[in-house]
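K.L.:
Residue numbers (our numbering), protein chains in the order written: chain A, 62 to 184; chain B, 12 to 93; chain C, 457 to 687. Each residue gets a CB set at the ideal place from its N, CA and C atoms; glycine is no exception. Quick caveat, the model's predicted, so the values are computed rather than measured. Shown below is the structure under consideration.
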Amino acid sequence: MEMLTLQNISIVTAFLLMLIGLYGALTTKNILRIIIAFDIFDGGLNLFLVALSYMNNRVAPIIDSTTGTEKLSSKFVDPIPQALVLTSIVIGVGVTAVMLTYAYKMYKYKNTLNINEYKDARW
Amino acid sequence: MNVTIIFALLLAIVTVTMAVAVLIVKKIRTAVLVSGVVSLIASIIYLLLASPDVAMTEAAIGSGLTTIIFFYVLNKMRSSDV
Amino acid sequence: MFKKLFVIAIVAGFAVLLWSYLRHYTERTTLNDLSTYYVDNTAQEIGAANVVTAIVVTYRGFDTLGEVTILFVAASLIAMFLKSMGTEKSRNPRPASLILVTAQKLLFPLILIFGVYIFINGHLTPGGGFQGGSVIATGFLLWLMANPDGHAPKGLLNTIESISGFGYVAAGLFGLALGLGFLDNRFLGLGTLGHLFSAGVIPIIYSFIGLKVGAELSNVLHHLNEIQNEE
Chain A
62 MEMLTLQNIS IVTAFLLMLI GLYGALTTKN ILRIIIAFDI FDGGLNLFLV ALSYMNNRVA
122 PIIDSTTGTE KLSSKFVDPI PQALVLTSIV IGVGVTAVML TYAYKMYKYK NTLNINEYKD
182 ARW
Chain B
12 MNVTIIFALL LAIVTVTMAV AVLIVKKIRT AVLVSGVVSL IASIIYLLLA SPDVAMTEAA
72 IGSGLTTIIF FYVLNKMRSS DV
Chain C
457 MFKKLFVIAI VAGFAVLLWS YLRHYTERTT LNDLSTYYVD NTAQEIGAAN VVTAIVVTYR
517 GFDTLGEVTI LFVAASLIAM FLKSMGTEKS RNPRPASLIL VTAQKLLFPL ILIFGVYIFI
577 NGHLTPGGGF QGGSVIATGF LLWLMANPDG HAPKGLLNTI ESISGFGYVA AGLFGLALGL
637 GFLDNRFLGL GTLGHLFSAG VIPIIYSFIG LKVGAELSNV LHHLNEIQNE E
């Protein structure tokens, strides 16, 4: 039971979310479901990156009167993955919005949501 | 087994169940709502992992704006399972 | 049937990769060298109380510049695709209920003030430009839902977005002109830790980023509302 730490639970959840998102994006035929599966994949990836930054019995990286300004590198969790995930979440919403615009335009041309009918780019 | 680990285990089980439910339900409106719930629970897990900046960003962007953009586009589509 | 087996093989291969990472995973007990440098030297060199803000704006300023560029390209793509094509009819939507209209008149200014508060205090408390911009866009969404056939101020949104983007790059070039380096924040004086006017030019940069992201996301929502009128 000493394998059940907070970090292990978060990493396994992130892996399962990534696998479910990948499987959903490869098997379904409706284009809107593919976009939702990519959304879940992004959520799992960000959770994995943040779970790597956690260390036991440490606090969030903000300097205030209770932490002081001495010997901070033994009181804080790792701040670098948090800065990278901040960028990644905002880019994820931009990509999802552009994908939805494409799906709307394809629906207006072909009047169907099945990706087997989108044959324009095939040889 | 203190309270934090039991709480995290419950949240993890609910998240994975909702993610499987996205692939199974028939209507797309339900799938969009469930993916919003997955994003919201991920925001709570970020707070347990001592990162308040990331939790705030994920709650505002992932669970609010993405769901609304989906519904705006879904309104113009007529299909048998929308 | 072969297609299903192929997909299952791909997902199983991915799962094997992830499992082999998890098996040899041991937790760390000390920070690595780069994080130690960032955490120990933020209070003296940058003067910001929020270490993540100091990393995002000054230590890793180029990545933020790239992210703002990606958001700008995405908003331009959406505006180009959803341009009105002249096939609209006015659809006479049902007016919103009395509760929603009254609550919107009360809550919309409060939500805007809350968003501005989040990105002005980005270097003292958790928050920053991207969070504040999203809250401003959510307030604009409330206005759109209460006035379904109203006219959003498109010219004002475009002007705010252009001026904020230009101001952000100009603040970076100022640092270059004064001999310190691009996007350096030390040319305005560091002040004392924990006060509002501290950390050099970080509050100004985050204000520009917050206004730009808020105006961009509001523009995207406005275009998505305009396409509800077609056919």
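Please list the residues of the segment 605-630 of chain C that have a C-beta atom closer than 7 Å to any C-beta atom in chain B, keeping them in chain order.
P.N.:
Of all residues in the segment 605-630 of chain C, none has a Cβ within less than 7 Å of some Cβ in chain B.
K.L.:
Let me know the alpha helix (DSSP H) ranges lying completely inside the segment 514-581 of chain C, each 4 residues or longer, listed in chain order.
P.N.:
For the segment 514-581 of chain C, whole alpha helix (DSSP H) runs of length 4 or above, ordered along the chain, are 517-537 and 554-576.
K.L.:
Pull up the DSSP beta-bridge partners for N506(C), would you.
P.N.:
Its beta-bridge partners are I123(A).
K.L.:
Alpha helix (DSSP H) containing R479(C): first to last residue?
P.N.:
Element bounds for R479(C): F458 to R479.
K.L.:
Using only the alpha-carbon positions, how far apart do P604(C) and V154(A) sit?
P.N.:
Their Cα atoms are separated by approximately 24 Å.
K.L.:
Where does F596(C) sit, in a helix, a strand or coil, going by DSSP?
P.N.:
It is helical.
K.L.:
Specify, as a first and last residue, the run of the alpha helix (DSSP H) that P142(A) falls within.
P.N.:
Its alpha helix (DSSP H) spans residues I141 to K171.
K.L.:
Give a yes or no on whether the C-beta atoms belonging to I101(A) and L649(C) are separated by under 8 Å.
P.N.:
Contact: no.
K.L.:
If we count the other Cβ atoms within 10 Å of its Cβ and call it buried at 16 or more, is N3(A) buried or exposed?
P.N.:
Summary: the structure shown does not reach residue 3(A), with chain A confined to residues 62 through 184, and so no result is reported for it.
K.L.:
Please state if the CB of V33(B) and the CB of A42(B) are separated by a distance shorter than 8 Å.
P.N.:
Yes, they are a contact pair.
K.L.:
Residues in the segment 133-161 of chain A with C-beta within 7 Å of chain C's C-beta atoms, listed in sequence order?
P.N.:
Cβ contacts with chain C: L133, S134, F137, D139, P140, I141, Q143, A144, L147, T148, V151, I152, G155, A158 and V159.
K.L.:
Report the neighbours of M116(A) on chain C: residues whose CB is nearer than 9 Å to its CB, in chain order.
P.N.:
Result: E483, R484, T485, T486 and L487.
K.L.:
List the residues of chain B whose Cβ lies closer than 9 Å to the Cβ of G583(C), in chain order.
P.N.:
Those within 9 Å of G583(C) in chain B are P63, D64 and M67.
K.L.:
Could you check what DSSP says for N681(C) in three-state terms: helix, strand or coil?
P.N.:
Note: N681(C) maps to helix in three-state DSSP.
K.L.:
State yes or no: is the C-beta of V669(C) within less than 8 Å of the C-beta of L527(C)?
P.N.:
Closer than 8 Å, so yes.
K.L.:
Within 8 Å of any Cβ in chain C, is that where the Cβ of F102(A) sits?
P.N.:
For F102(A), the answer is no, since every Cβ of chain C falls outside 8 Å of its Cβ.
K.L.:
Please report the straight-line C-alpha distance between Y115(A) and T28(B), rounded to a whole angstrom.
P.N.:
For Y115(A) and T28(B), the distance between alpha carbons rounds to 25 Å.
K.L.:
If we cut at 8 Å on Cβ distances, does T514(C) have a partner in chain A?
P.N.:
Chain A contact via Cβ: absent.
K.L.:
So does the segment 531-540 of chain C actually touch the segment 595-611 of chain C, counting three or more Cβ pairs closer than 8 Å?
P.N.:
Because the criterion of three Cβ pairs below 8 Å is not met, the segment 531-540 of chain C and the segment 595-611 of chain C do not touch.
K.L.:
Check whether the segment 78-98 of chain A touches the segment 497-505 of chain C, counting contact only when three or more Cβ pairs, one atom from each stretch, lie closer than 8 Å.
P.N.:
These segments do not touch.
K.L.:
Measuring alpha carbon to alpha carbon, tell me which of L634(C), I592(C), H678(C) and F586(C) ends up nearest E69(B).
P.N.:
Nearest of L634(C), I592(C), H678(C) and F586(C) to E69(B), Cα basis: F586(C).
K.L.:
If I'm right that F643(C) touches L632(C) with Cβ under 8 Å, what's the distance once you round it to whole angstroms?
P.N.:
Between L632(C) and F643(C) the Cβ distance is about 10 Å, and since that is not below 8 Å, they are no contact.
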